[in-house]
Amino acid sequence: MIDKPHLVVIGNGMAGCRAVEEILARDADAYRITIFGAEPRVNYNRIMLSPLLAGDKGFDDIVINDHARYADNLIDLVAGDAVVAIDRSAQTVTARSGRVEHYDKLLLATGSDPFIIPCPGHDLQGVVTFRDMDDVGKMLRAADAGGDAVVIGGGLLGLEAAHGLALRGMKVTVLHLMPTLMERQLDEAAGWLLKEALEARGQVILTGADTAEIIGHGRVEGIRLKDGREIPASLVVMAVGIRPNVALARDAGLAIGRGIHVDDHLVTSDANILAVGECVEHNGLVYGLVAPLWEMCRSLADGLVAVPSGYTGSVTSTKLKVSGIDVFSAGDFSGGAGCEDIVMRDASRGVYKRVVVKGDRLVGAVLYGDTRDGNWYFDLLKRQDDVSDIRDALIFGQAFASGGGADANPDAAVAAMSDDGEICGCNGVSKGKVVSAIVGGAVTLDAVRACTKASASCGSCTGLVEGLLSLTLGDAFAGERAAPTVCKCTSFTHEEVRRLIVEKALKVIPQVMQALHWTTPDGCASCRPALNYYLLCAWPGDYVDDQQSRFVNERMHANIQKDGTYSVVPRMWGGITNPRELRAIADVVDKFKAPLVKVTGGQRLDIFGIRKEDLPAVWADLNAAGMVSGHAYGKTLRTVKTCVGSDWCRFGTQDSTGLGVKIEQMTWGSFMPHKFKIAVSGCPRNCAESTIKDFGVICVDSGYELSIGGNGGIKVRVTDLLCKVATEQEAMDYCAAFIQLYREEARYLDRTAPWVERVGLDYIKQRIVEDAAGRETLRDRFLFSQLFMQDDPWAKRAAGEDYKLHQHLAEIRPMVPA
Amino acid sequence: MSLQAEWLDIGPVDQLPALGARTLPVRGGREIAIFHTANGEVYALVNACPHKAGPLSQGIVHDTTVTCPLHNWRISLVTGQALGSDVGCVPVIPVKIDNGRILIGRAAALAGVV
Ligand code: SRM
Ligand SMILES: Cc1cc2nc3c(=O)[nH]c(=O)nc-3n(C[C@H](O)[C@H](O)[C@H](O)COP(=O)(O)OP(=O)(O)OC[C@H]3O[C@@H](n4cnc5c(N)ncnc54)[C@H](O)[C@@H]3O)c2cc1C
Ligand code: SF4
Ligand code: FES
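The structure is reproduced here in structure tokens:
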């Protein structure tokens with residue numbers, strides 16, 4: 048027995064002990080074994096620290112190997128004594144206590160160290176990490192004292208810590224730097240659902256939150272974010288990531304990268320030293336989950352005491368251990384050439400599923416709310432099975448798709464339902480009812496809706512009803528509906544989306560996408576801007592504009608030109624200007640060497656050729672002269688064109704210039720489905736071209752003729768006369784009410800002309816002219832939303848907001864060889 | 060053998076707007092656009108649309124695609140290929156993230172620099 052070679056293991060954690068198990072299982076007599084562990088305890092299941100913190104488990108429940116087990120296998124456990132040095136030439140290790148052991152084979156299984164953000168205050172008492180039993184002990188003591196906890200990091204570990212602390216009665220705030228939680232495992236849609244669920248449980252989740260400083264005197268008192276916000280806390284948990292623990296290996300001169308370099312048999316650059324677990328780097332990859340460690344341990348034992356098998360790397364999957372919240376993710380869902388997303392959402396059950404298929408293979412899956420098929424997807428993914436046969440049914444899960452073969456298409460799912468299976472949850476309509484309605488002559492979706500009410504409420508079963516129509520009628524089913532859907536990401540029309548946003552109180556884009564079963568994970572360049580506008584219109588004052596859902600011009604507050612520079616148009620109220628404004632414009636042209644300044648067709652000046660880096664400085668100069676953005680770039684009010692009117696013109700009947708200025712001051716800044724132009728002419732000679740504007744006023748002796756729905760663009764359309772009013776105030780009220788009706792009811796990217804043609808002049812007259820009370824509420828809603836819209840976007844940018852949009856990230860200046 | 064590193068550190072990831080992009084001019088070379096997706100991944104392309112050289116950095120980013128701001132071509136951030144019925148390709152610059160820093164492939168970034 049003395050003659051047995053000595054295997055020394057550094058690290059009494061998950062990988063170290065598992066490797067020993069695997070070796071013993073293959074050949075219990077091959078080695079005499081000593082394990083050094085820095086922690087003063089036996090080997091326990093680290094991943095169970097989360098349930099331990101949450102109170103679901105005690106320490107005894109999570110022990111993997113108790114003292115008896117070490118003794119039974121004649122393993123010498125040196126607990127609470129860390130190894131501090133390796134001498135490779137003498138083949139010895141030295142522990143902190145001074146103990147020296149000679150080894151024949153050495154196994155490094157030192158795991159990782161939690162990463163600590165080196166911000167001021169990181170070393171205060173009450174700042175902890177989440178890695179081992181001692182950390183949990185600290186958290187439990189803090190929780191006993193009650194109070195507020197801040198968890199930095201919204202990844203797997205951070206969220207599990209937050210969950211545990213919340214269950215222990217602390218008020219928990221999670222700070223996450225990225226815009227969505229667990230962004231490395233989840234996509235935006237699933238991350239958002241997770242955030243909602245955690246918030247519903249009382250946690251505060253701040254995304255995009257960047258920690259500046261941990262404050263306190265000796266002990267933590269709170270945290271300050273870079274944006275200045277302060278959050279009180281008696282406990283701060285840092286869970287922002289881990290770093291392979293390579294210190295010993297580095298000091299011993301072993302080859303390391305991010306982790307300790309190992310070959311396929313887990314041997315390091317020294318043939319007598321092996322390494323396994325989170326501390327290693329294999330084929331450029333470092334792992335932070337246990338499944339890969341198990342695979343490594345098998346190959347390690349095979350190589351050491353049996354027939355070498357060789358480790359080839361691992362595919363990983365993730366589950367979040369927060370009870371009641373089911374989240375699963377595996378593989379790669381970053382997309383790319385040839386990748387196709389299949390998305391299914393079930394808003395009533397809170398389910399989101401997305402699988403990514405590349406060619407004939409499954410390459411990634413994200414599941415939220417229903418993770419039953421996670422393992423099945425993971426198997427398909429790991430085995431690289433050909434899924435072309437079951438592709439159309441893949442998203443419905445194993446139970447359905449393994450029906451397999453050519454029958455496996457979504458319609459078959461409906462076909463397979465029993466007659467009393469429920470189709471429409473809102474109105475309790477069964478499949479049998481829908482089918483008999485169809486047989487009875489309801490051969491379109493609208494007809495089915497009218498006679499059964501199925502799909503007439505929230506609309507989420509529209510796909511099922513259409514499936515039944517095509518099953519029952521075969522080729523006789525006419526197919527799609529007349530009104531266009533918002534885009535290919537959804538089967539809902541603009542009108543339905545707008546109505547449902549209000550009815551279901553949907554407040555942010557990911558929520559709309561989930562509730563309305565978007566078939567893509569984060570929409571496209573068509574639906575994102577539309578949804579952003581619909582939300583902005585529905586929830587004035589509440590909704591936070593989503594910059595990334597805006598077309599470049601609205602994001603940059605200037606018009607992009609063919610060479611990538613921008614043009615800048617300051618507002619000139621009613622087309623009137625003065626020497627101060629003209630001087631400021633001239634100075635900007637000189638100072639920034641603008642190649643062109645031009646009078647536009649909208650009665651103002653356009654400065655061309657400004658670089659995006661210079662925009663804030665240009666705006667600052669224009670602001671200083673009292674000018675604000677002219678919104679020449681937006682789906683907004685553009686210009687109010689005027690003529691000189693009664694002040695000067697020999698034919699003028701009213702003060703058209705003055706009224707134009709007042710209207711522009713009332714309406715500027717408002718976002719609309721498309722751009723909106725107004726004009727006021729002083730007499731029927733109509734020099735301001737009022738009859739080709741979205742809203743036109745023609746002054747006459749007895750008052751003001753108001754007309755709507757004109758367009759001077761691609762398809763010229765003369766306005767329709769709406770009505771005649773007597774006073775300026777009425778002209779303004781009707782204008783505000785008309786704009787609000789357009790804002791609330793038109794489809795995104797509809798100018799007023801096609802909208803008026805579609806809904807009919809009579810409808811508009813009924814809403815604006817005949818229904819006086821309705822007109823007033825429309826006007827009031829418009830004026831209310833203007834409270835939040837009329838602040839100059841240029842001023843904010845000039846003051847530094849969103850500066851990143853204007854500055855380069857960095858610049859590369861290659862060294863020119865001398 | 061060159062002493063120059065294979066990767067260039069161009070700054071921290073948190074300097075990228077979510078679902079957006081920033082630019083990286085290369086003196087004597089072609090400007091690069093660095094994109095940030097909803098999943099927090101980072102990609103880099105030459106900042107010129109294969110259609111008429113529109114600044115891709117100013118487009119709308121969705122999934123791993125950017126829609127060009129000038130005429131709405133969709134370009135894959137992963138391959139640089141135009142998607143759908145459009146045909147064209149823009150050079151991709153390799154990117155990796157290390158400790159919160161963005162590293163880009165030197166050779167590809169400096170391609171064409173004289
Ligand atoms: C600058 C200007 C031309 C000029 O030098 O006069 C202009 C320039 C552009 N127009 Fe215009 N339009 C300009 C007055 C007009 C007018 C005349 C008017 O407003 O009195 C019309 C016809 C009237 C109308 O809209 O009903 C006009 C009808 C269009 C259209 C067609 C709209 C339609 O519904 O058919 C487009 C395309 C679009 O919006 O989709 C368009 C789009 C554009 C765009 C935004 C093209 C683009 O997407 O890049 C141009 C931006 C140039 C820039 O960078 O500034 N422009 N455009 C005028 C700016 C007015 C202003 O001060 O804001
Ligand atoms: C709270 C929590 C929850 C987790 N949940 C999951 C999960 O749900 N699913 C999943 O797959 N993974 C999960 N993980 C990750 C998983 O626990 C790790 O991947 C795994 O523990 C890594 O095993 P390891 O042996 O490499 O490192 P460890 O388990 O950390 O073991 C390393 C050991 O080496 C010791 N050591 C270090 N240096 C020395 C030295 N010089 N001398 C002596 N001893 C030393 C350390 O004290 C430690 O005990 C979780 C992790 C945590 C912290
Ligand atoms: S008419 Fe055409 S070319 Fe001229 S500014 Fe308008 S969009 Fe541009
Ligand atoms: S330049 Fe990009 S689409 Fe035309």
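Chains as they are written, first to last, in the working numbering: chain A, 48 to 865; chain B, 60 to 173.
Every residue gets a Cβ at the ideal spot worked out from N, C-alpha and C, and that includes glycine.
Where DSSP assigns a beta bridge to residue i, which residues make up the other side?
{"i": "Q140 (chain B)", "result": "B:C148"}
{"i": "S728 (chain A)", "result": "A:I745"}
{"i": "A126 (chain A)", "result": "A:G84"}
{"i": "F375 (chain A)", "result": "A:K366 and A:L414"}
{"i": "K771 (chain A)", "result": "A:E752"}
{"i": "V56 (chain A)", "result": "A:I82 and A:L154"}
{"i": "I161 (chain B)", "result": "B:G70 and B:I156"}
{"i": "E148 (chain A)", "result": "A:V140"}
{"i": "C471 (chain A)", "result": "A:V476"}
Return the CA-CA distance between residue i and residue j, expressed in angstroms with no decimal places.
{"i": "S435 (chain A)", "j": "P801 (chain A)", "result": "44 Å"}
{"i": "D694 (chain A)", "j": "D702 (chain A)", "result": "6 Å"}
{"i": "F785 (chain A)", "j": "W620 (chain A)", "result": "21 Å"}
{"i": "L515 (chain A)", "j": "G488 (chain A)", "result": "13 Å"}
{"i": "A523 (chain A)", "j": "L547 (chain A)", "result": "30 Å"}
{"i": "I161 (chain B)", "j": "A168 (chain B)", "result": "13 Å"}
{"i": "G861 (chain A)", "j": "V369 (chain A)", "result": "At residue 861 (chain A) the sequence reads Pro, which differs from the Gly that was named. Using only the alpha carbons, I get a separation of about 50 Å."}
{"i": "F718 (chain A)", "j": "G475 (chain A)", "result": "39 Å"}
{"i": "V646 (chain A)", "j": "L272 (chain A)", "result": "46 Å"}
{"i": "V72 (chain B)", "j": "G159 (chain B)", "result": "6 Å"}
{"i": "G451 (chain A)", "j": "L71 (chain A)", "result": "Per-residue confidence for G451 (chain A) stands at a pLDDT of 44, beneath the threshold of 50, marking its modelled position as unreliable; no derived number is given."}
{"i": "S395 (chain A)", "j": "G444 (chain A)", "result": "18 Å"}
{"i": "I262 (chain A)", "j": "C344 (chain A)", "result": "43 Å"}
{"i": "A735 (chain A)", "j": "V544 (chain A)", "result": "37 Å"}
{"i": "V56 (chain A)", "j": "S361 (chain A)", "result": "23 Å"}
{"i": "T540 (chain A)", "j": "A530 (chain A)", "result": "6 Å"}
Going by C-alpha to C-alpha distance, which of the options sits closest to residue i?
{"i": "I166 (chain A)", "options": "A:L652, A:V352, A:G194 and A:D257", "result": "The sequence given here has Cys at residue 166 (chain A), not Ile. For the residues A:L652, A:V352, A:G194 and A:D257, the minimum Cα distance to C166 (chain A) belongs to A:D257."}
{"i": "R575 (chain A)", "options": "A:E69, A:R597 and A:G416", "result": "A:R597"}
{"i": "D849 (chain A)", "options": "A:K659, A:T624 and A:P557", "result": "A:K659"}
{"i": "Y117 (chain A)", "options": "A:F443, A:R88, A:V131 and A:R697", "result": "A:R88"}
{"i": "C536 (chain A)", "options": "A:A530, A:K554 and A:W565", "result": "A:W565"}
{"i": "T363 (chain A)", "options": "A:L347, A:P339, A:S381 and A:K405", "result": "A:P339"}
{"i": "K640 (chain A)", "options": "A:N625, A:I657, A:G649 and A:P626", "result": "A:I657"}
{"i": "H329 (chain A)", "options": "A:V352, A:N319, A:R73 and A:A302", "result": "A:A302"}
{"i": "V105 (chain B)", "options": "B:P76, B:T96 and B:V137", "result": "B:V137"}
{"i": "T766 (chain A)", "options": "A:A773, A:A463 and A:T738", "result": "A:T738"}
Ends of the beta strand (DSSP E) at residue i?
{"i": "S614 (chain A)", "result": "Y613 to V615"}
{"i": "D388 (chain A)", "result": "C386 to D393"}
{"i": "G699 (chain A)", "result": "Segment: none, G699 (chain A) is in no beta strand (DSSP E) and carries neither H nor E."}
{"i": "I252 (chain A)", "result": "V251 to T254"}
{"i": "N11 (chain B)", "result": "The first residue shown for chain B is 60 and the last is 173, placing residue 11 (chain B) beyond what the model contains."}
{"i": "F655 (chain A)", "result": "L652 to I657"}
{"i": "R178 (chain A)", "result": "That residue, R178 (chain A), is in no beta strand (DSSP E); it is neither H nor E in DSSP."}
{"i": "I761 (chain A)", "result": "I761 (chain A) -> no beta strand (DSSP E), and no H or E assigned at all."}
Determine the extent of the alpha helix (DSSP H) in which residue i is found, giving its start and end residues.
{"i": "E230 (chain A)", "result": "No alpha helix (DSSP H) holds E230 (chain A); DSSP gives it neither H nor E."}
{"i": "I485 (chain A)", "result": "K478 to V486"}
{"i": "T738 (chain A)", "result": "Here T738 (chain A) belongs to no alpha helix (DSSP H), and DSSP marks it neither H nor E."}
Meets three-Cβ-pair contact criterion under 8 Å: the region 170-185 of chain A and the region 89-100 of chain A
The region 170-185 of chain A vs the region 89-100 of chain A: in contact.
Segment contact, 8 Å Cβ cut-off, at least three pairs: the region 612-630 of chain A with the region 578-585 of chain A
no
Taking three-plus beta-carbon pairs below 8 Å as touching, is the region 127-141 of chain B in contact with the region 105-112 of chain B?
The count of Cβ pairs closer than 8 Å, one atom from the region 127-141 of chain B and one from the region 105-112 of chain B, reaches three, so the stretches are in contact.
Determine, using beta-carbon pairs with one atom in the region 750-770 of chain A and one in the region 800-817 of chain A, whether at least three such pairs fall under 8 Å.
By the criterion of at least three beta-carbon pairs nearer than 8 Å, the region 750-770 of chain A is in contact with the region 800-817 of chain A.
Whether or not the region 136-154 of chain A and the region 256-270 of chain A are in contact is what I'm after, with contact meaning three or more pairs of Cβ atoms, one per stretch, closer than 8 Å; do they touch?
no
Count the CB pairs spanning the region 184-201 of chain A and the region 339-348 of chain A that are closer than 8 Å, and state whether there are at least three.
no
Okay, do the region 198-207 of chain A and the region 275-291 of chain A touch, 3+ Cβ pairs below 8 Å being the bar?
yes
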